[in-house]
Amino acid sequence: MTQIIYGSELSAELKENMRSKVESWVSIGMRTPCLAVILVGDNSASESYVRGKEKACAAVGIKTNTIRLSSSISQEELEKTICDCTKDDTVDGILIQLPLPEGFNEDRAIACIDPQKDVDGLHPLNFGRFFMNQPSFVPCTPLGIMELLNRMECNPKGKHAVVIGRSKLVGTPVARLLQNANATVTICHSHTANLKELTNLADILIVAVGKPKMIDAQYVKEGAYVIDVGVNSVDGHLCGDVDFESVAPKAGAITPVPKGVGPMTICMLLQNTITAYEKRQGL
Ligand code: NAP
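Everything in the sequence shown is counted per this note's numbering, starting at -10 for the first residue and increasing by one.
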């Protein structure tokens, strides 16, 4: 019988633990953890993602300081705002809502974040440390995927994991986490010639492509653990990169879209913010 693993349920449990942790700090007079969110321009999807993050932070007692900037500001003004957050002792985590509007240099903006406040794990220093197996912040979606595998009672050790997608945000870091967990990892991308052959070897299949329902049952080995990272809007409805109806009966365990990876990404952002707070408070 296929397990359907809901990130929405797992994240609610993890958030409850975070909420009581924050409550215990505040009850003894410590300051409230704070996440600064920098939003440039008026993209409606970005606005909605930021609202989701604000709501999740509020639910566990993390304060958010959302800084809304017009898309007409200069790169230098944006960088000054990020540097101000870096210097602000009451700010524990800094998140720049991506993508930035056209004309901004994301890499330069991210490089202005204090690596100790880089709760998205995108600063080159954190990325480098992560790949050198040193303590670092790790991007939130890959962390959430590992929590979902854990909830599936899937130990990656000795398993063959196939990751479709090699982005900085998802594919590349999740492949590294799986490798660190002693899986044998194959990374596929748009130039992979024999995708179906490779995915059929996967005990663990992570799909992060951005193409609606691209992966159907023909791509999936019987009993595989399948994590669908994709978020696509088709005719006003959200769907993943995996054709859930066809794959679910064949998989051993699978995450749905929505209510799968998405809530875990936000949950790991809260976790990273709490970790940043703990480090800064010497806890
Ligand atoms: P991305 O930067 O666009 O990367 C997509 C990857 O898919 C690339 O590595 C690309 O290969 C590969 N690809 C494209 N077409 C392919 C094909 N036909 N066969 C095999 N590989 C192919 O996207 P992303 O940021 O990683 O995001 C992927 C999806 O996850 C999107 O739907 C995004 O919205 C979603 N997402 C969800 C969350 C969440 O919290 N739920 C978080 C982040 C992203 P090349 O490298 O060769 O171009």
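Where is the CB? At the ideal position from N, CA and C, for every residue including glycine. This structure is a prediction, so every number in the text was calculated from the model and none was measured.
Assuming the contact rule is C-beta atoms closer than 8 Å, residue i and residue j should be a hit. Round their C-beta distance to whole Å, please.
{"i": "GLN158", "j": "PRO128", "result": "Contrary to the premise, residue 158 reads as Leu rather than Gln in this sequence. Sure, about 6 Å apart at Cβ, within 8 Å."}
{"i": "GLY92", "j": "VAL108", "result": "Not really, about 25 Å apart at Cβ, beyond 8 Å."}
{"i": "VAL250", "j": "GLY(-4)", "result": "6 Å"}
{"i": "ARG165", "j": "LEU(-1)", "result": "So it is not a contact: roughly 22 Å between Cβ atoms."}
{"i": "ILE71", "j": "ILE27", "result": "6 Å"}
{"i": "ALA172", "j": "GLN(-8)", "result": "Between GLN(-8) and ALA172 the Cβ distance is about 19 Å, and since that is not below 8 Å, they are no contact."}
{"i": "CYS74", "j": "ALA25", "result": "4 Å"}
{"i": "TYR208", "j": "PRO22", "result": "No, TYR208 and PRO22 are not in contact; Cβ-Cβ is about 42 Å, not under 8 Å."}
Compute the minimum distance between the beta carbon of residue i and the heavy atoms of the ligand NAP, and state whether it is under 8 Å.
{"i": "ALA197", "result": "yes"}
{"i": "LEU158", "result": "yes"}
{"i": "ILE243", "result": "no"}
{"i": "SER33", "result": "no"}
{"i": "LEU184", "result": "yes"}
{"i": "GLY251", "result": "yes"}
{"i": "LYS200", "result": "yes"}
{"i": "GLY110", "result": "no"}
{"i": "ARG40", "result": "no"}
{"i": "HIS226", "result": "no"}
{"i": "GLY18", "result": "no"}
{"i": "THR130", "result": "yes"}
{"i": "VAL220", "result": "yes"}
{"i": "SER179", "result": "yes"}
{"i": "ASP230", "result": "yes"}
{"i": "VAL153", "result": "Inspection of the sequence shows that residue 153 is occupied by Ile rather than by Val. It does: the Cβ of ILE153 is within 8 Å (strictly closer) of some heavy atom of the ligand NAP."}
{"i": "THR254", "result": "yes"}
{"i": "MET135", "result": "no"}
{"i": "MET(-10)", "result": "no"}
{"i": "MET203", "result": "yes"}
Is the separation between the beta-carbon of residue i and that of residue j shorter than 9 Å?
{"i": "ILE193", "j": "LEU227", "result": "no"}
{"i": "ARG97", "j": "GLN64", "result": "yes"}
{"i": "GLY220", "j": "VAL246", "result": "In the sequence under discussion, the amino acid at residue 220 is Val, which differs from the Gly named in the question. Closer than 9 Å, so yes."}
{"i": "GLY133", "j": "PHE119", "result": "no"}
{"i": "PRO162", "j": "PRO131", "result": "yes"}
{"i": "LEU167", "j": "CYS177", "result": "no"}
{"i": "ASP78", "j": "SER60", "result": "no"}
Check the Cβ-Cβ distances between residue i and every residue of chain C, and say whether any is below 9 Å.
{"i": "ILE134", "result": "Among the chains in the structure shown there is no chain C, since it carries only a single protein chain."}
Any heavy atom of the ligand SAH closer than 8 Å to the CB of residue i?
{"i": "ARG140", "result": "In the structure on display, the ligand SAH does not appear, and the ligands it does have are the ligand NAP."}
Open item on the list: Below 8 Å, how does it come out for the segment 45 to 59 and the segment 244 to 263: are there three or more Cβ pairs, yes or no?
Closed with: yes
Open item on the list: Using 8 Å as the cut-off, can you tell me whether the segment -5 to 7 makes contact with the segment 215 to 230, which would need three or more C-beta pairs spanning the two stretches below that distance?
Closed with: no
Open item on the list: Counting beta carbon pairs with one atom in the segment 52 to 71 and one in the segment 234 to 241, are three or more of them shorter than 8 Å?
Closed with: no
TODO: Report the residue ranges of all beta strand (DSSP E) runs contained in full by the segment 36 to 69; include only those spanning at least 3 residues, in chain order.
DONE: If we require 3 residues or more, the beta strand (DSSP E) runs fully inside the segment 36 to 69 come out as 52 to 58.
- [ ] Note down, one range per segment and in chain order, each alpha helix (DSSP H) of at least 4 residues found wholly within the segment 136 to 201.
- [x] Listed in chain order, the alpha helix (DSSP H) elements of length 4 or more contained wholly in the segment 136 to 201 are 160 to 169, 184 to 188.
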